[in-house]
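Asker: In the numbering used here, the protein residues as written are 159 to 362.
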């Protein structure tokens with residue numbers, strides 16, 4: 159059974175490598191991966207001022223994720239699929255939101271790693287995908303007019319997502335570059351965090 163399963167995984171991996179990324183299959187490629195983890199460097203430009211943040215991300219297709227910001231801020235944003243938790247170490251405060259309410263009017267790039275291909279197709283339209291050397295850059299637009307994200311660019315190949323960049327309604331240009339990327343399974347512990355003592359908890 160183990161040999162058969164290994165052969166099956168090899169066949170699926172081989173088929174993915176033969177794929178050419180296109181607007182028709184972009185979300186299916188994301189959907190074929192159940193887990194995602196990586197370190198990232200995020201650059202945000204607004205009014206000619208640039209802010210850089212380092213961190214890490216764990217995500218699963220069932221809606222769970224944890225984003226840890228390391229430098230220069232110390233913050234964790236995580237979700238169990240139902241609730242969203244925002245832990246600010248500097249304020250010593252934990253904010254708790256309903257995921258449905260929090261993301262009702264705000265799109266987030268995290269959705270590429272937590273939502274199904276069908277759900278992604280309802281949120282975004284893939285305008286075009288252009289290949290440069292071995293990297294494909296896909297341009298996406300939200301299907302709704304009144305949205306937080308205005309335009310997205312994803313740089314990737316079949317095995318790696320190199321970056322996600324977007325513009326938002328605050329006239330910010332955000333670029334997220336991924337390193338140490340993995341599609342391996344993640345245990346539930348990867349989505350939890352330790353609560354500091356005597357922390358303020360705020361429900362929204």
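Heads up, the beta-carbon is just placed ideally off N, CA and C, and yes, glycines get one too.
Computed from a predicted structure; not experimentally measured.
Does the distance from the CB of residue 187 to the CB of residue 316 come in under 8 Å?
Answerer: yes
Asker: By DSSP, does residue 272 sit in helix, in strand, or in coil?
Answerer: helix
Asker: Taking buried to mean at least 16 other C-beta atoms within 10 Å of its own C-beta, is residue 332 buried or exposed?
Answerer: buried
Asker: Following the continuous alpha helix (DSSP H) through residue 331, name the residue where it begins and the one where it ends.
Answerer: Segment 331-340 is the beta strand (DSSP E) holding residue 331; no alpha helix (DSSP H) there.
Asker: Which residues bound the alpha helix (DSSP H) around residue 264?
Answerer: Premise fails: residue 264 is in no alpha helix (DSSP H) and is neither H nor E.
Asker: Would the beta-carbon of residue 295 fall within 8 Å of that of residue 313?
Answerer: yes
Asker: According to the neighbour-count rule (16 or more other Cβ atoms, all chains shown, within 10 Å of its Cβ), is residue 231 buried or exposed?
Answerer: By the C-beta density criterion, residue 231 is exposed, having fewer than 16 other C-beta atoms within 10 angstroms.
Asker: Rounded to the nearest angstrom, what separates residue 290 and residue 253 at their Cα positions?
Answerer: Counting only the Cα atoms, residue 253 lies some 42 Å from residue 290.
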